[in-house]
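When you read off a place in the sequence shown, starting at 1, and then add 11, the result is the number in the working numbering. Structure first, commentary second.
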Amino acid sequence: MVDAISDPVVGQWSDQLRTRWGRRHPMMILSAIPASLSMLFLFFPPAGMSEIETFWYLVVVGCLVRTFITFFEIPSSALAPELTSDYDERTSIASFRYFFAYLGGVCMAFLTLMVFLAPTADYPVGQLNPAGYHTFAMVGSSVMLGAILISSFGTLHRVKYFRPPPRQPKIGVLATLKDMRQTFSHRSFLALLAFGVLKYTSVGMTSALSIYFGTYLWELNSAQLAILTVDSLVGAALGLFFAPWVSRKFGKRNAALWLSVIAVLLASLPYLLRINGLFFENGDPLLVPAIFLFATIFQMCGISSAVLVHAMIGDVVEESQIATGRRSEGLFFAANTLMQKSTSGLGVFAAGILLTLVGIAPGANPATLDPDLPLLLAKLYVPLLVVLYIGGAGFLLSYGIDRASHAANIEELRRREEASGQGA
């Protein structure tokens with residue numbers, strides 16, 4: 012609920028902001044310290060609180076973390092359409108953005124499993140060691156601070172090359188809400204929003220359950236789990252080249268749609284094989300390589316699909332500007348941020364429901380857990396995963412912007428700028 016309010020508000024504010032540092036960079040820079048500090052405090056609740064006090068502390072600080080990240084993520088994402096109007100260059104920019112996002116995430120996950128949550132005498136299953144999460148928070152918040160500042164100041168020099176957006180008269184709250192509703196009613200945008208909510212919910216569910224499947228279904232140790240975290244980095248590296256290629260060959264919409272279908276098939280296959288007794292047994296030296304191979308190809312397809320959707324949101328900006336007279340990059344990318352946040356919201360919620368239904372409690376000992384429970388979890392997980400992915404892909408059929416229509420939109424905006432005396 013907090014995200015649904017804060018994201019559009021920040022996006023609209025960013026679109027209307029006018030400073031000598033542009034529309035995006037002031038928010039990006041000012042978000043750095045609050046975002047990193049709130050992330051740190053989330054893992055260090057004050058001692059002596061009751062259970063209900065701890066609950067509300069986590070709720071409030073968690074909302075602060077998400078809100079401060081919004082003040083960076085939305086303006087940062089909205090930079091892409093301002094950096095270039097080229098159909099293919101936008102895909103390349105999105106590819107690099109996702110690659111470095113996964114690089115940071117995978118490196119932190121690998122470091123966490125290999126160092127922060129390494130097995131000890133007291134905690135032979137390292138993932139259950141609470142002290143490791145404190146170290147993770149300190150390192151993670153520092154990395155967050157550095158990444159925000161590097162990204163913000165590293166792109167600041169490009170502001171002078173941005174085309175000035177049309178100036179809008181100051182209006183009241185009700186008129187602003189009316190403009191936001193008009194912007195969000197764009198058909199192609201709604202198709203992307205529906206796709207993203209379903210897909211990223213499935214991604215969040217998968218991420219939340221991966222530690223449970225790794226620990227209880229595949230019975231992997233911390234080192235093996237750390238190896239498997241690299242699959243997303245390899246997939247992102249492949250997607251860096253694969254996404255622009257499929258975009259040029261098939262168009263963004265068609266490529267994103269079919270890559271989502273292929274991705275869910277690859278994600279489901281290891282579980283279906285295990286359920287039917289056709290996969291490598293736990294402890295088999297080929298188990299981890301097989302999981303890694305399936306996961307890497309899945310990640311390449313899934314990340315490439317996400318890259319294309321990110322670029323497709325940028326292409327909506329010009330079509331919306333023709334209809335409304337406003338450039339609303341911030342509002343549209345607020346939707347993208349909301350989709351990604353649904354990963355840790357709806358996805359984790361769905362994962363929690365599945366774990367509750369199956370009866371796997373947090374911190375359960377793998378040695379004493381009923382072996383049928385992880386299989387039951389897989390049997391519930393796979394159908395839900397398929398429904399979310401395929402359902403999301405179906406919404407993309409309503410997205411109506413292709414290479415030709417995008418070029419026509421750019422040309423129409425240039426014609427209008429020249430007619431109004433704003434063009435070169």
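Even for Gly, the Cβ is constructed at its ideal location relative to N, Cα and C.
Limits of the alpha helix (DSSP H) - the one that residue i falls within
i    : result
F290 : No alpha helix (DSSP H) holds F290; DSSP gives it neither H nor E.
Q23  : 13-27
S153 : 141-166
R198 : 198-223
R439 : Outside the displayed span of the chain (12 to 435) sits residue 439, for which this structure offers no information.
P135 : Per DSSP, P135 belongs to no alpha helix (DSSP H) and is neither H nor E.
W256 : 233-261
For residue i, the three-state DSSP class (helix, strand or coil)
i    : result
M60  : coil
R35  : coil
E429 : helix
Y68  : helix
D413 : coil
L185 : helix
S42  : coil
W229 : coil
F173 : coil
L283 : helix
T95  : coil
L128 : coil
L297 : coil
F55  : coil
T307 : helix
T194 : helix
T78  : helix
G434 : Any reading at G434 needs caution, since the residue's pLDDT is 46, under 50, leaving its predicted position unreliable; the model's value is listed next. Coil at G434, not helix or strand.
Spatial distance of residue i from residue j (CA atoms)
i    : j    : result
Q235 : V299 : 7 angstroms
S331 : T81  : 23 angstroms
L391 : F290 : 18 angstroms
L53  : G246 : 30 angstroms
A266 : Y98  : 14 angstroms
L384 : G313 : 28 angstroms
I238 : A404 : 30 angstroms
S152 : G370 : 33 angstroms
N420 : G325 : 12 angstroms
R426 : G358 : 44 angstroms
L203 : V320 : 7 angstroms
K171 : T30  : 11 angstroms
L398 : F406 : Contrary to the premise, residue 398 reads as Val rather than Leu in this sequence. C-alpha separation (whole angstroms): 12 angstroms.
F195 : P19  : 10 angstroms
Y109 : Y410 : 22 angstroms
A361 : L388 : 12 angstroms
G341 : Q23  : 6 angstroms
L424 : T95  : 14 angstroms
F261 : P37  : 38 angstroms
T187 : R174 : 23 angstroms
L128 : A415 : 51 angstroms
V328 : E429 : 19 angstroms
D295 : T226 : 15 angstroms
A120 : L139 : 15 angstroms
A274 : K189 : 38 angstroms
T65  : P141 : 16 angstroms
L284 : L244 : 25 angstroms
G250 : F83  : 24 angstroms
H417 : A334 : 14 angstroms
V76  : P86  : 16 angstroms
Residue from the options whose Cα sits closest to the Cα of residue i
i    : options                : result
K352 : F79, M60, R264         : F79
T166 : V136, W32, L386, Q310  : W32
A15  : V208, I401, S279, A219 : V208
L386 : L48, S431, P281, Q310  : P281
A375 : E422, L228, A89, T240  : L228
R101 : V393, F343, A254       : A254
F107 : A378, S315, G341       : S315
A317 : S279, L244, Y211       : Y211
R264 : I273, S199, T217       : S199
I44  : T217, L139, A58, I159  : I159
A301 : A278, M323, N287, A322 : A278
L395 : M216, A345, V328       : M216
S17  : M50, E428, A418, T348  : T348
L380 : E230, G116, E84, A345  : E230
V150 : S47, I333, F344        : S47
Y144 : E93, A322, N293, F55   : F55
L156 : A378, V13, M50         : M50
P176 : C74, L75, P92, N232    : P92
The ligand FAD heavy atom lying under 7 angstroms from the CB of residue i
i    : result
A266 : Among the ligands in the structure shown, none appear at all, so the ligand FAD cannot be discussed.
- Task: Output the residue ranges of the alpha helix (DSSP H) runs that lie fully inside the segment 335-399 and measure 4 residues or longer, sorted by chain position.
- Result: The qualifying runs are 340-353, 359-369.
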